[in-house]
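577 is the number of the first residue of the sequence shown in this note's numbering; add one for each residue after it. By construction, the Cβ of each residue, glycine as well, lies at the ideal position given by its N, Cα and C atoms. Nothing here was measured: the structure is a model prediction, and the numbers come from that model.
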Amino acid sequence: EYRNGTKKAVRADGSTTVKFANGDVKTADASTGKVVYYYAAAQTTHTSDPARTLEVFEFPNGQSETHAADGSKDIRFPD
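This is how it looks when you write it as structure tokens:
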């Protein structure tokens, strides 16, 4: 635990989970490179998947956005 309240856990495989004092959580999978960041205040999840070269954003209203490395975006609404 760090002085600012941040807590970091490292698993045997090298994957990590970081919990920030503001409620945000970042997990990183050492084997795939995938990183998931949860923004607590916005209740939004941002997933970076280097194997598929995608960034995915999921919002509390059900909207999701997929951003590809070529700059294209796929935005989906819950309705």
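Taking C-alpha positions only, F633 is separated from A606 by approximately 21 Å. Contact between K584 and T592 holds, since their C-beta atoms are separated by about 6 Å, short of 8 Å. Contact between N598 and A617 holds, since their C-beta atoms are separated by about 7 Å, short of 8 Å. Shown here, S607 sits in coil according to DSSP, grouped into three states, outside any helix or strand. The beta carbon of T621 is closer than 6 Å to those of Y614 and E634 in its chain, skipping five residues each way along the sequence.
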